[in-house]
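*Asks:* One structure, pasted below without further comment.
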Amino acid sequence: MYAREKAKQEVLNALRKYIEVDVSIDDIETPPDNKMGDFAYPVFQAAKKMKKNPAELATEIAVKIGPSDLVDGVKAVGPYVNFTLKMPAFGAKVLEDVELKKEKYGQVTVGEGKKIIVDYAQPNTHKEFHVGHIRNAVLGQSIINTLRASGYEVVAASYIGDVGAHVAKALWGMEKFHKGEEFDKETRAQRLGQIYTEATKAVEENEDYKLEIAEVLKAIEAQQDPWFSLWKKTREWSLDSFKAIFKELSIEPDAWYFESEVEKPGKEIVSKMLTDGIAKKSEGAVIVDLEKEDLGAFLVLKSDGSSLYATKDLALAMKKEKDHGADRQIFVVDVRQSLHFKQLFATLNRMGFEKQLIHIYYDMVNLPGATMSSRAGNIITYEDLRDQMSERLIKETKERHEDWSDKKIAEVAKAVSIASIEFMMLRQDAESIITFDMDEAMSFDGFTAPYLLYTVARIGSIEKKAKKKAKSAVAHLTHEKEAELLRKLSEYPEVIERAGLKFHISAIAVWVFELAQLFNEYYHDVRILDDEDLDRMRARLALIGAVRVTMKNGLKLLNIETLKEM
RNA sequence: GCGCCCGUAGCUCAGUUGGAUAGAGCGCCAGCUUGCGGAGCUGGAGGCCGUACGUUCGAGUCGUGCCGGGCGCACCA
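Each residue of the first sequence is one higher than the one before, starting from 1 at the first, in our numbering.
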């Protein structure tokens, strides 16, 4: 049991003796200022039940409770019973927790025995991989990391849109406008995306093209050449490029699903739904009438018999269930598909699908001053963003490290720019729109990846310079900021648990930032090295080592690898 | 028209399943530092939490109306 959990348990045990209502660990709150105490129990409800004045009851309880192993003072402040941690003992337990568990510090067990499959990283082949896709993949991976840290068994499932109207459009555009063009291996995937955009514009100007593209789509679905071969070839171009991007961003799916493999099964499900009476024909197409659930009509097959997103999603859910049999299926998908998922889940329920289905949604990513849309042509691809940022970071890094090789500078700059992108995607609530300001993302000041990475590198540098080994001895850590750091470190497992239960990743980002701030304040107040009190120096080294390990653990959940130097 | 989301400091955003005096970063102003990595730290100014009612011992948080913004609502994904 982690230090904080154990302390809370002691608080609970004490409270239960004197209170006539049930108290659970969730009733223990944190006071707004730690000068008031570390834990607080508001007595309002208990007072009501016991028919007493809240402030009086709080006082009454407070005088009865004595100190325990990790909890020291108990005092009433108004209607609250406040508890203060017993400092040397509690701090020692915190450091012990971190040192014992190391990279596993913070992992909790709420999810043990439960299996979840998370659908994320769903780019479409033949289209560009832009910032919106980054948000999806990074958020999804971070949720997966956090669920794993919470004890769940998680299947990370990427779902690739390798068929559908967009593919037909891109291939049609290739033949129509770029027949015979040579495609360079390095850029061919992006070239496909450009052709897709070009084709989209062409269709807007000429309605007749729609029919031509519909023919292409049918040919691909029917596996007819030359379209089918062209599809197979170009699909690989996109997949190769996605794999490279995933690697850079630490996106690591362990299962790959493709729209092309669920298309046929999807159509079969639809025809079974027709015979079962779950679906019906309407205006030539097939729908599921969800008026009863107030969800309108769910279109599951087009009137020309070709499939839709919905067709494939039905089969996908079934396939995932067959492959992995998870207790829950989670879908990390853009908020604009909320209705689609409500309809999909309602339909699956009608088909007798019983596992829990959750849509985790996120909003879009804008650039300052402009909403991003592929139609307006102001989307920014992952590669462009990364390269623009790297370029500027190379310049800055060069100025600071004149002795570094170009190769080392380029590597560090790339790592920092990727970390900067990831952090911007995760530091904010998923439900809110991100305004991606590149300058802010790369800034070494503020709520940014570079600030955090710098702090970790700085700790590493101190540790490297120290001639003595760290040795935890909390008795030597008497500075006020040292106690604050220990308390902060103790919160980490709770942060993970809450983030995992609510899929609230930004809370991890905020917490790591607060820890970094606290460390930097400490660093300026206290000189760690060249201390004549060797035991104290070693104890401080142990403390900052614990800070570094915990920051690293937190950043890892955010897909960010720390750097030794930068 | 119906539905979902959002509205908190000049800007970008937090606010722990309703709890104590509403916070952070950036920017601005005033300082510290020849440093164990200053890419940092300290202090300051800056808020009728969109608005009006309601529920509650207690509302930025819950409910309803209104105002303002975004998104979605059958053959796109």
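Cβ coordinates follow ideal geometry from the N, Cα and C atoms, glycine included.
(1) Would K488 pass as a contact of L529 if the rule is Cβ separation under 7 angstroms?
(2) If you follow the alpha helix (DSSP H) that E60 is part of, which residue opens it and which one closes it?
(3) Could you check the C-alpha separation between D437 and M425 for me, to the nearest Å?
(4) Report the start-end ranges of each alpha helix (DSSP H) in the segment 423-463 that is 4 residues or longer and not cut off at the edges.
(5) What residue does the alpha helix (DSSP H) around A297 start on, and which one ends it?
(6) Which one or two residues does DSSP pair with D119 in a beta bridge?
(7) Quick one: grab the DSSP three-state call for A376.
(8) By how many angstroms is the C-alpha of V118 removed from the C-alpha of F331?
(9) For K171, is the classification buried or exposed, using 16 other Cβ atoms within 10 angstroms of its Cβ as the cut-off for buried?
(10) Which residue comes first and which comes last in the beta strand (DSSP E) that contains D289?
(11) Under the rule that 16 or more other beta-carbon atoms within 10 Å means buried, what is S141, buried or exposed?
(12) Can you tell me whether R16 is buried or exposed, with buried defined as 16 or more other CB within 10 angstroms of its CB?
(13) Identify the continuous alpha helix (DSSP H) that holds T575 and give its terminal residues.
(14) Among K564, I560, M566 and E565, which residue has its Cα nearest to the Cα of I251?
(15) What span of residues does the beta strand (DSSP E) with F242 cover, start to end?
(16) Evaluate the contact criterion for the segment 153-173 versus the segment 244-258: three or more CB pairs, one atom per stretch, below 8 angstroms.
(17) Under DSSP, the alpha helix (DSSP H) around W172 begins and ends at which residues?
(18) In terms of residue numbering, what span does the alpha helix (DSSP H) encompassing Y583 cover?
(19) State the start and end residues of the unbroken alpha helix (DSSP H) segment that holds Q337.
(20) Assuming I358 and L367 make a contact with CB atoms under 8 angstroms, what is their CB distance in whole Å?
(21) Should S417 go down as buried or exposed, given a rule of 16 or more other Cβ atoms within 10 Å for buried?
(22) Using the DSSP secondary-structure output, state which residues sit across from P42 in a beta bridge.
(23) What span of residues does the alpha helix (DSSP H) with S260 cover, start to end?
(24) May I ask you to report which of helix, strand or coil DSSP gives H133?
(25) Pick helix, strand or coil for E29, following the three-state DSSP scheme.
(26) Give every residue of the same chain whose Cβ lies closer than 7 angstroms to the Cβ of D289, excluding the five residues on either side of it in the sequence, and list them in chain order.
(27) Which residues mark the beginning and the end of the beta strand (DSSP E) in which G358 is found?
(28) For F177, count neighbouring Cβ atoms within 10 angstroms of its own Cβ and tell me buried if that reaches 16, exposed if not.
(29) Note the first and the last residue of the continuous beta strand (DSSP E) segment covering K280.
(30) Contact between the segment 116-136 and the segment 471-481: three or more CB pairs below 8 angstroms?
(31) Have a look at I269 and K319 and give me their C-alpha separation to the nearest angstrom.
(32) DSSP on K86, reduced to helix/strand/coil?
(33) As a quick exercise: from T84, V216 and Y80, pick the residue whose alpha carbon is nearest that of K35.
(34) Let me check understanding here. Comparing Cα to Cα, which of K342, I434 and I144 lies closest to D254?
(35) With DSSP as the reference, label D294 as helix, strand or coil.
(36) Taking the alpha-carbon positions, what's the M537 to A516 distance?
*Replies:* Taking the structure as given:
(1) Along the first sequence, read from residue 1 onward, the residue named residue 488 stands at position 488. Along the first sequence, read from residue 1 onward, the residue named residue 529 stands at position 529. Not in contact: K488 and L529 (Cβ atoms no closer than 7 angstroms).
(2) Numbered from 1 along the first sequence, position 60 holds the residue referred to as residue 60. Element bounds for E60: P54 to K64.
(3) Here residue 437 refers to the residue found at position 437 of the first sequence. Here residue 425 refers to the residue found at position 425 of the first sequence. If I take the Cα positions, the gap works out to 11 angstroms.
(4) 438-442
(5) Stepping through the first sequence from its first residue, residue 297 is reached at position 297. No alpha helix (DSSP H) holds A297; the beta strand (DSSP E) holding it covers A297 to L301.
(6) Indexing the first sequence from 1 puts residue 119 at position 119. Bridge partners of D119: A157 and F331.
(7) One-based indexing of the first sequence puts residue 376 at position 376. The predicted position of A376 is uncertain, since its pLDDT is 46 and thus under 50; a value taken from the coordinates is nonetheless stated next. Residue state, collapsed to three classes: coil.
(8) Stepping through the first sequence from its first residue, residue 331 is reached at position 331. Stepping through the first sequence from its first residue, residue 118 is reached at position 118. So the two alpha carbons sit approximately 6 angstroms from each other.
(9) In the first sequence, counting from the first residue as 1, residue 171 sits at position 171. A small correction: the amino acid at residue 171 is Leu; Lys does not occupy that position in the sequence shown. The residue is buried, with at least 16 neighbouring Cβ atoms inside 10 Å.
(10) Counted from its first residue, the first sequence places residue 289 at position 289. Residues A285 to D289.
(11) Mapped onto the first sequence, residue 141 falls at position 141. The sequence given here has Gln at residue 141, not Ser. By the neighbour-count rule (16 or more Cβ atoms within 10 Å), Q141 is buried.
(12) Here the question's residue 16 lines up with position 16 in the first sequence. With fewer than 16 Cβ atoms within 10 Å of its Cβ, R16 is classed as exposed.
(13) A query on residue 575 cannot be resolved here, the shown segment of the chain reaching from 1 to 566 and no further.
(14) The count along the first sequence starts at 1 and reaches residue 251 at position 251. If we check each option's Cα against that of I251, I560 comes out closest.
(15) Start at 1 with the first residue of the first sequence, and residue 242 comes out as number 242. Element bounds for F242: not the beta strand (DSSP E) but the alpha helix (DSSP H), W227 to E248.
(16) yes
(17) For this step, residue 172 is matched to residue 172 along the first sequence. Unbroken alpha helix (DSSP H) run through W172: A165 to F177.
(18) No answer is possible for residue 583: the residues shown for the chain start at 1 and end at 566.
(19) By one-based count along the first sequence, residue 337 stands at place 337. Run containing Q337: none; DSSP gives neither H nor E here.
(20) Locating residue 358 in the first sequence gives position 358, counting from the first residue. Locating residue 367 in the first sequence gives position 367, counting from the first residue. That pair is no contact at about 30 angstroms.
(21) As a position in the first sequence, residue 417 is number 417, starting the count at 1. Buried, by the Cβ-count rule.
(22) Here residue 42 refers to the residue found at position 42 when the first sequence is read from its first residue. BP columns for P42 point to Y80.
(23) Position 260 of the first sequence, counted from the start, is the residue given in the question as residue 260. Its alpha helix (DSSP H) spans residues E259 to D276.
(24) Translated into the one-based positions of the first sequence, residue 133 becomes position 133. Helix, per DSSP.
(25) Position 29 of the first sequence holds residue 29. Reduced to three states, the DSSP call for E29 is strand.
(26) In the first sequence, the residue the question calls residue 289 occupies position 289. Cβ within range, chain order: K280 and A297.
(27) Within the first sequence, numbered from 1, the residue matching residue 358 stands at position 358. Reading off the sequence, residue 358 comes out as Ile, not Gly. That run of the beta strand (DSSP E) goes Q356 to Y362.
(28) Looking up residue 177 in the first sequence gives position 177. Per the 10 Å Cβ criterion, exposed.
(29) Stepping through the first sequence from its first residue, residue 280 is reached at position 280. Per DSSP, K280 belongs to the beta strand (DSSP E) from K280 to S282.
(30) no
(31) Walking along the first sequence from the start, residue 269 turns up at place 269. Walking along the first sequence from the start, residue 319 turns up at place 319. The straight-line gap from Cα to Cα measures roughly 12 angstroms.
(32) For the purposes of this step, residue 86 is taken as residue 86 along the first sequence, with counting starting at 1. Coil.
(33) Taking the first residue of the first sequence as position 1, residue 35 is located at position 35. Of the candidates T84, V216 and Y80, the one whose C-alpha sits nearest the C-alpha of K35 is T84.
(34) Along the first sequence, read from residue 1 onward, the residue named residue 254 stands at position 254. Ranking the options by Cα distance to D254, first place goes to I144.
(35) As a working note, residue 294 is residue 294 in the first sequence. Three-state DSSP puts D294 in coil, outside helix and strand.
(36) Your numbering for residue 537 matches position 537 in the first sequence. Your numbering for residue 516 matches position 516 in the first sequence. Rounded to whole angstroms, M537 to A516 spans 20 angstroms at the Cα level.
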